[in-house]
Structures are given as C-alpha cells and as structure tokens.
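Below is one structure; the comments refer to it alone.
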Amino acid sequence: MKLFIPGPTHVEQDVLNAMAQYPVGHRTHAYRELHNEVREGIKDVLMTKQNVMLVTSSATGLLEAGVRNLVGKRVLNLVCGAFSQRQADITKECDIPQDTLSVPWGDGFTPKQVDEALKNGDYDAVTLVHNETSTGVMNPLKEIAQIVQKYDDVLFIVDAVSSMSGVEIKMDEWGIDFIVASVQKAWALPPGFAILGLSDKALERAKLIPQSQRGHYFDILKLAKADAKNETPITPSIPHIYGLKLRLQKIREEGLYARFNRHHEMANKVRNWGKARFGLYAKDGFASDTLTCFTNDCGIDLDAFGKAMESRGFLISGGYGDLKGKTFRIAHLGALHHEDIDELIAVMDEVLIEL
Ligand SMILES: Cc1ncc(COP(=O)(O)O)c(C=O)c1O
C-alpha cells in the first residue's frame with residue numbers, strides 16, 4: 002500500500018531502517034551529539050538562527066502549547082477550515098481569551114483582513130494554519146507575517162503541520178515566533194513526533210506567563226532549558242530522531258529549493274490532472290503545494306473510487322470533517338516523487354473509466 006493521504010505519508014525503507022537502530026541512552030554524549038546535529042539541520046530548513054525544539058508528541062500538543070505559553074492578554078484565531086477551527090477550540094478549552102476571525106472554507110486569508118483585525122483588537126498573539134489540510138488551502142504566510150510584524154506586541158503562532166519542509170518558510174526573516182509541524186507530513190516519517198521553531202521573543206514572553214498556564218509537559222521554558230544541553234526534558238522518541246537525521250541528509254542531497262520546487266511541480270501535475278474532471282476546492286490563488294482537495298463536480302461515487310484505488314495499493318483520502326462525502330484529497334509531499342504521482346494518475350484514470 003502506498004500512502005497518498007495527507008499524513009501519515011509514504012516513508013522509504015532506508016528511513017524506516019534508520020529508525021530501527023539500537024537505542025542510545027538519552028542522557029549520554031552519543032545522544033547529545035545526535036540531538037545537536039538534528040536540531041541544527043532543522044534550523045537550516047526553517048532558515049532560523051533562533052531556537053528549534055525536538056518534541057515527542059503529535060503536533061496538537063504543541064498547538065496547545067503555543068496558546069498556553071504565549072498568550073498573556075488575548076489571541077486572534079484565524080479560522081478557514083477544520084484544523085484552524087480546532088486551534089480555536091483548543092484556545093477556548095484552555096480558557097485563554099480569544100476572538101475568532103473566520104473566512105468560508107475554501108478561502109484563505111488576505112494580509113488586509115489580518116491587518117484590519119489586529120488594528121481593531123487588543124491582541125498579543127495571532128494563530129494561523131499555514132496549510133489547511135482539510136481544504137487544500139495554503140495561506141500567504143510571508144505576506145501575513147509582514148503584517149503581523151507591524152504589531153510589536155503580537156506574537157505569530159503558525160501551524161505548519163502539513164507544509165514545513167515542503168515549501169519555503171523563512172522563520173527569522175518573516176518574523177515567525179512559534180511554528181509547529183508533525184513529522185508524518187512533508188517530513189515523511191511515521192507519526193508520533195513534532196518539531197517546534199521558536200523565536201527568542203516568544204521565550205521572553207513565556208517568562209511572563211504563569212507556570213499554571215504553561216503547564217508541565219509542554220512548558221517551552223523547560224524545553225529550552227533542556228535543549229541548551231542538547232537534551233529534552235523527558236525521554237524522547239529516539240527512533241524518530243534517527244529518522245530525522247537521515248531525512249535531513251536526504252534533504253541536503255536533493256537541495257532545499259529543489260525540494261520546494263518538486264512539491265510545487267507535483268502540485269501542478271495533480272491539479273492539472275483533476276481540473277479536467279473535478280473542481281478545485283481551494284479558491285484561486287490559495288491552492289496548496291503539498292495537497293490538493295477536489296470537489297466532486299462530476300458526481301462519481303467517491304466511496305467506490307477510494308475503495309478501487311485502495312484495492313490497487315494506493316490510499317487516497319476522502320473529505321475531512323464537514324467535507325466528508327463531498328471532496329477527496331491527494332497529498333503530494335515528502336518522500337513522494339514525480340514517478341509516484343505519474344503512477345497514481347495512471348491508476349486513477351484506469352479506475353475512473355471502470356466506475
Ligand atoms: C493543519 C493541521 N494541523 C494540525 C494537525 C494535527 O496534527 P497531529 O495529528 O500530528 O497532532 C493536522 C493533522 O492532520 C493538520 O493537518
């Protein structure tokens with residue numbers, strides 16, 4: 002079975018093998034070397050000289066950590082789909098003062114909308130899902146970051162769960178304070194581990210937030226303290242860190258911008274294939290480079306389509322949340338290459354003739 006769902010995604014056998022190494026003790030010199038090498042490699046991908054933390058959890062833990070560690074006053078949650086709605090729900094469940102700014106699903110945010118909202122509210126943080134995995138919308142991160150940078154006291158919290166390492170993200174230059182990914186998306190590892198990019202400004206803010214709000218497991222001050230010694234506060238998932246070491250080596254071999262370009266071209270290929278029969282759910286200008294969400298304009302039996310693909314060894318994804326039964330999604334990220342997409346397209350064509 003090959004995975005074309007937006008996570009977990011395809012993982013190559015050599016990466017799986019790298020993860021199956023005999024473990025090292027996590028308070029040893031060997032671990033500290035591994036930790037240091039992987040963290041520094043991730044910094045190159047995020048184009049940051051600030052902080053990167055290795056965190057054993059799925060991304061959601063860190064999305065909760067963002068609002069708990071950084072919001073002293075009030076946060077603006079930007080909602081454009083199921084995952085950004087979840088970020089707003091997490092904020093409310095943590096009892097953190099928030100406002101929600103929503104656009105219809107399929108739309109993304111314009112810098113102007115964010116500017117208006119920040120101008121008219123009294124916020125010290127804003128959350129954005131860079132790549133809305135439920136709708137296939139990629140928000141204009143760089144342009145929105147430029148707006149957020151105008152507001153000195155406002156920290157920028159970004160969910161890059163399904164975009165990080167697949168598209169260009171310049172954490173320092175763009176002024177991102179807290180950016181999260183889980184590894185089962187463009188990082189192309191099995192699930193269970195997350196990556197956090199953190200600005201110095203965010204660490205300073207966390208010092209002003211009470212311990213009871215920061216919590217324990219996801220207290221970024223504890224994470225930073227341990228990281229300064231090339232360690233984590235708790236026992237990390239060492240297999241994932243072995244996997245990341247090889248993934249980073251592969252990224253260097255391919256070249257970071259060649260990798261971004263591959264994602265862009267695979268996205269174009271999938272969109273061009275599907276546009277002839279289906280509609281794109283993402284509005285013009287917001288289509289994602291890491292996954293595509295199609296509407297079922299020609300009214301095929303989506304369930305039968307998915308099952309026929311699965312029986313041939315290709316797992317694609319149905320609609321997420323409210324879009325279940327109305328859309329389907331194809332991921333083109335991580336360790337998937339042009340040959341994989343070509344093969345997928347050929348099989349989809351074959352199946353569509355039969356349906
Ligand atoms: C955009 C986005 N945010 C958050 C999540 C949740 O990530 P995790 O399941 O790793 O906690 C996902 C998972 O698909 C996602 O796509």
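Just so we're aligned, residue 2 is where the sequence shown starts under our numbering, counting upward by one. For each residue, glycine too, the CB sits at the ideal point set by N, CA and C. In this text the structure is predicted, and so the values were computed from the model without any measurement.
- Nearest in C-alpha terms to K327, of all of D298, T134 and A309, is D298.
- Apart from sequence neighbours up to five positions away, the residues of its chain that approach T293 with a beta-carbon distance below 6 Å are G137, V271, R272 and I331, ordered along the chain.
- As computed with DSSP, A126 is found in a beta bridge with V76 and L156.
- Taking 6 Å as the cut-off, the C-beta of A60 counts as close to a heavy atom of ligand 1.
- Relative to ligand 1, the nearest heavy atom lies less than 6 Å away from the CB of G8.
- The residue from E65, A189 and T296 with its alpha-carbon nearest to that of H338 is A189.
- Taking 6 Å as the cut-off, one finds no heavy atom of ligand 1 near enough to the beta carbon of S103.
- Judged by beta-carbon spacing, E13 lies within the 7 Å limit of A336, meaning their Cβ atoms are closer than that value.
- Taking one beta carbon from each stretch, the segment 46 to 62 and the segment 106 to 114 have fewer than 3 pairs nearer than 8 Å; the two do not touch.
- Counting the other Cβ atoms within 10 Å of the Cβ of I342 gives 16 or more, which makes it buried.
- A distance criterion of 6 Å places the beta-carbon of S166 beyond contact range of ligand 1, judged by its closest non-hydrogen atom.
- Within 10 angstroms of the beta-carbon of H131 lie 16 or more other beta-carbons, which makes it buried.
- In this structure, the beta-carbon distance from D173 to T49 falls below 7 Å.
- Between the alpha carbons of G122 and E254 lies a distance of about 46 Å.
- Cβ-Cβ distances below 8 Å link V348 to M310, R313 and F315 in the same chain, with the five nearest sequence neighbours on each side left out; the list follows chain order.
- Sequence-distant Cβ neighbours of K93 in its own chain, meaning closer than 7 Å and more than five residues away, are Q99.
- DSSP, reduced to helix, strand and coil, places M267 within a helical segment of the structure shown.
- As DSSP reads the structure, R330 sits in a beta bridge with C294 and S318.
- Its chain contains V130, E133, T134, S135, D160 and V162 as the residues whose beta carbon lies nearer than 8 Å to that of F84, once the 5 sequence neighbours on both sides are disregarded; these appear in chain order.
- DSSP, reduced to helix, strand and coil, places V53 within a strand of the structure shown.
- Placement of the Cβ of V12 at a distance of 6 Å or more from every heavy atom of ligand 1 is found.
- Nearest to E205 by C-alpha distance, out of T29, V72, E355 and L353, is V72.
- If only complete runs of 3 or more residues are kept, the segment 148 to 195 shows the beta strand (DSSP E) at 156 to 160 and 179 to 183, in order along the chain.
- DSSP, read as helix, strand or coil, puts Q214 in helix.
- Proximity of the segment 19 to 28 to the segment 235 to 243 meets the contact definition, three or more beta-carbon pairs being nearer than 8 Å.
- Comparing C-alpha distances from M165 to each of I145, V149, L257 and V80 shows the shortest one belongs to L257.
- A Cβ-Cβ distance of about 5 Å is found for the pair V53 and R40, placing them in contact under the 8 Å criterion.
- Taken from the Cβ of T136, every heavy atom of ligand 1 lies 6 Å or farther away.
- Contact between the segment 177 to 196 and the segment 25 to 38 is absent: fewer than 3 CB-CB pairs across the two stretches fall below 8 Å.
- Annotation for V130 indicates a beta carbon within 6 Å of some heavy atom of ligand 1.
- The beta carbon of W175 is closer than 6 Å to those of K143 and A146 in its chain, skipping five residues each way along the sequence.
- Distance from the C-beta of D96 to the nearest heavy atom of ligand 1 is not below 6 Å.
- Cβ-Cβ separation between I97 and S318: approximately 31 Å, too far for a contact (criterion under 8 Å).
- G275 sits close to F295, with the two beta carbons spaced by under 7 Å.
- Assigned with DSSP and collapsed to three states, V138 falls in strand.
- Around E232, the same chain offers H27, R28, Y32, R33 and H36 as residues with beta carbons nearer than 8 Å, after the five sequence neighbours per side are excluded.
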